[in-house]
Amino acid sequence: MADIPNRDELERILARKLGGLQKRQMGKLLELMGDPPDLNNVPMSFWDDIGMELGQVVLPFSERVYLEGAQRLMSESPVGVDWSLVNQAASDWSRNSGSQLIRDISATSRRATQEAVSTYYEQAWTMGDLRKKLGSIYSPVRAEMIAVTEVTRAAAEGERGIVSELSKQGITMVEVWQTNNDELVCPICGPRHDKPKGDGWSRSDGPPAHPRCRCWVNHELPKPKEGAVEVDQEVAQPVSQGVIDQLRKQVASSTHSLDDVISGRVPVGVEGRRGADIIAAQEAGIYTTRVGSTPIYALTESNAKPLIDYLSSGGRYGSVTFSELLGYTKKEIEIYIRFLQATGQVELLI
Ligand SMILES: [Zn+2]
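If you count the sequence shown from 1, position 139 lands on 313 in my numbering, and the numbers rise without skipping.
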């Protein structure tokens, strides 16, 4: 899989729509604030509208790019998947991750506007100075940055939607990070180039890894690893019950608890005590939510976000990626993989 073939066009369309929208929003804002500017004149509904208008532009667009990404990967895949499930995953994903994105963008606009107005008074700015500052907040440059990042995100998630459907049919793909050659200098993404997931990066790292990231992932059928041939090949010796019990014990003993999340040792947790964890988490006053039938808790919403995104875009409960997102160590994951292989749960080896 190469980079998104019509990336330039997609970025241009979204950047233009967002740029136009932000310009209108800034005009409205200036009009409401008046001269001299007073933020008390700006009703709460203005900030709500900003988010809603943003959603009307971004959500249908992201969903379309998601489906295009899914379609591209499906056309190269050895077997078909149920397209209605992919469509459902697309709209679930854009609704869930899109609403967080919109909250983030609106909050940033609002905070930056408040700072600009404060500076206007502190440094005795002119209205021209203020207009210039606001112009950098509601700017085409920021619109373009959002467009680049969101095209990257939607396309990557669309492909993952297919990968997740394929995995249900027992076809496991390996994600390999790809950077644009001109981005090899980026200190975040450069070292990940051509590396499979698990080798220096995990599901929660992206792409996108940062604003304006143009990376993507290639999906390859797994190659047997050197030194792990006995386990990976179908000629593997049957694993004895004793070994399975030993692995099960190791997995159970490293399972995270609510305390691990509250103490900050791990980013996010899922219900492990039939409802008791989520009640205790609510009593502790930390963030709780639910994706499908999976209750989730974390110190903050942003800590929980990668896991929420994963599950709501069709990611599997109990998979290797799921465990990575829960903050299990490399070593613990290795043991978990051996356990899954030994017990024949190959569908979770994703
Ligand atoms: Zn990148």
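Here a beta-carbon is modelled for each residue, glycine too, at the ideal position from N, C-alpha and C.
Please read these numbers as outputs of a predicted model, since none were measured by experiment.
Cβ contact annotation for residue 510 (same chain, cutoff 8 Å, sequence separation greater than five): 425, 494, 497 and 502, in chain order. Excluding residues up to 5 positions away in sequence, 513 lie with their Cβ nearer than 7 Å to the Cβ of residue 422 in the same chain. Contact holds between the stretch 219 to 228 and the stretch 265 to 283, because three or more Cβ pairs, one in each stretch, are under 8 Å apart.
Residue 419 places its beta carbon 7 Å or farther from that of residue 432. Short of 6 Å from the beta carbon of residue 331, and not among the five residues preceding or following it, lie these beta carbons of its own chain, in chain order: 240, 267 and 487. Residue 502 sits in coil when the DSSP states are folded into three classes, being neither helix nor strand. Fewer than three beta-carbon pairs drawn from the stretch 246 to 253 and the stretch 282 to 297 are found closer than 8 Å, and the two stretches are therefore not classed as touching. Between ligand 1 and residue 516, a heavy atom-to-CB distance of less than 6 Å is absent.
When DSSP assignments are scanned along the stretch 460 to 499, the uninterrupted stretches of alpha helix (DSSP H) that are 4 or more residues long and fall wholly within it turn out to be 475 to 486 and 494 to 499. Measuring C-alpha to C-alpha distances from residue 305 to each of 270, 199, 262 and 186 identifies 199 as the nearest. Remark: three or more beta-carbon pairs, one from each stretch, lie closer than 8 Å, so the stretch 185 to 196 and the stretch 311 to 326 are flagged as touching. Annotation for residue 376: 498 place their beta carbon closer than 6 Å to its own, counting only its chain and skipping 5 residues before and after. If you measure from each CB to the nearest heavy atom of ligand 1, the residues under 5 Å come out as 363, 383, 387 and 389. With fewer than 16 other beta carbons inside 10 angstroms of its own, residue 298 counts as exposed.
Comparing alpha carbon positions, the residue from 458, 427, 459 and 467 closest to residue 444 is 467.
With fewer than 16 other Cβ atoms from the protein chains shown falling within 10 Å of its own Cβ, residue 448 counts as exposed. Shown here, residue 381 sits in coil according to DSSP, grouped into three states, outside any helix or strand. Residue pairing of residue 443 in beta bridges, as defined by DSSP: 471.
With respect to the C-alpha of residue 327, the residue from 342, 197, 484 and 343 having the closest C-alpha is 484. Residue 504 sits exposed, since fewer than 16 C-beta atoms from the chains shown fall within 10 Å of its C-beta. Under the Cβ criterion (8 Å, minimum of three pairs), the stretch 332 to 349 counts as touching the stretch 250 to 262. Taking all protein chains shown into account, residue 517 has fewer than 16 neighbouring C-beta atoms within 10 Å of its C-beta and is therefore exposed. A residue is called buried once 16 or more other Cβ atoms fall within 10 Å of its Cβ, and residue 275 is buried on that count. The C-beta of residue 218 has fewer than 16 other C-beta atoms within 10 Å across all chains shown, which makes the residue exposed. Between residue 335 and residue 260, the gap from beta carbon to beta carbon is short of 7 Å. In the DSSP secondary-structure assignment, residue 234 is not bridged to any residue. Pairing residue 180 with residue 474, the inter-Cα distance amounts to about 36 Å. Taking residue 430 as reference, the option from 324, 458, 476 and 471 with the minimal CA-CA separation is 471. By the neighbour-count definition (other C-beta atoms within 10 Å, threshold 16), residue 203 is a buried residue. For the 7 Å CB-CB criterion, residue 349 and residue 369 do not form a contact.
A distance below 8 Å between beta-carbons, with the five flanking residues on each side excluded, links residue 458 to the following residues of its chain, in chain order: 432 and 436. Only exposed fits residue 415, as fewer than 16 other CB atoms lie within 10 angstroms of its CB.
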